[in-house]
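Notes for the one structure printed next.
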Amino acid sequence: MEIKNAKFLKSSSNNKHCPPPDKPEFAFIGRSNVGKSSLINMLCNEKNLAKTSSKPGKTQLINHFIIDNKWYLVDLPGYGYAKTSKTNLDKFEELISNYITKRKNLICVIILIDSRLELQPIDGEFMDWCTQHEIPFCLAFTKIDKLGKNQWASNFAKYKKRLMDYWGELPQLFETSAEKRQGKEAILEYIGENMQYFVPPPKGVKATNDDDDEFDEEYENDNNGI
Ligand SMILES: Nc1nc2c(ncn2[C@@H]2O[C@H](COP(=O)(O)OP(=O)(O)O)[C@@H](O)[C@H]2O)c(=O)[nH]1
Ligand SMILES: [Mg+2]
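When we follow the numbering used here, the leftmost residue of the sequence shown carries the number 1, and every step to the right adds one.
Structure follows, in structure tokens:
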């Protein structure tokens, strides 16, 4: 799959303000500075679609992009921003957890991991949280160009072993570099294949963000078929 047209749609401060859940959606999340904006730009063949910013923790909103009029790509705020005050952090966690657990059309969360680091507690906790809430997730390792081949192979093997020891299975893993434009095809292929798990609302029913839709109950949890 190749992205031909990517457009920024809107930033939302809560689920109600998000676009109607009428198309399959894939969300990207990770610690600040992990390379999320760069990866999104690479996937979309754009230079500045998701603004690369050197100031961590700046975007505290849910950012929706519409891709080829077929699916939504979501840029979630970076977690693990130590300088955010406790109150802000709570608000921020509420924003993300509400979005991830309630967004009806969300197929999968792609968690970005800095390839140079070993498993960080905050990433592990987030994977745990996703597992508890039955949210499918993948891992995309970023900036692999910053490591030599052997160093990356060794880091990658250690990381996989930690995951295996903990869960006994591995999620889908992607090795990426925005700098070298690596990993794009694999991620887009994965997204293309998994779009089929989107369950559209029944005929004649509009997809909305309301919690009390008549089709809500059956509709809400049906997308996690991966
Ligand atoms: N060498 C290298 N640097 C990268 C890569 N991806 C991002 N960066 C750099 O890492 C910093 C943070 O990237 P950014 O995309 O803004 O991260 P975000 O905060 O997660 O959105 C920037 O200085 C980028 O140029 C990559 O694949 N390779
Ligand atoms: Mg960014």
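Using N, Cα and C, we set each Cβ at its ideal position, and we do this for glycine too.
Restricted to the segment 177–210, not a single beta strand (DSSP E) segment is unbroken, complete and at least 3 residues in length. For the segment 13–45, the full-length beta strand (DSSP E) segments reaching 3 residues or more read 25–30 along the chain. Taken through DSSP and simplified to helix, strand or coil, Asn48 comes out as coil.
When Phe141, Gln151, Tyr197 and Pro202 are compared, the shortest CA-CA separation from Glu25 is found for Tyr197. Checking the 7 angstroms criterion, the Cβ of Ala186 is out of range of every heavy atom belonging to ligand 1.
Between the alpha carbons of Ala186 and Phe8 lies a distance of about 23 angstroms. Residue environment analysis places Ala178 among the buried positions, since at least 16 neighbouring C-beta atoms fall within 10 angstroms of its C-beta. When C-alpha distances from Asp145 are compared across Ile135, Ile111, Arg116 and Glu93, the shortest belongs to Arg116.
In terms of Cβ geometry, Asp123 and Ile113 form a close pair [threshold 8 angstroms]. Burial is judged here by how many other beta carbons sit within 10 angstroms of a residue's own beta carbon; Trp71 has at least 16 and is buried.
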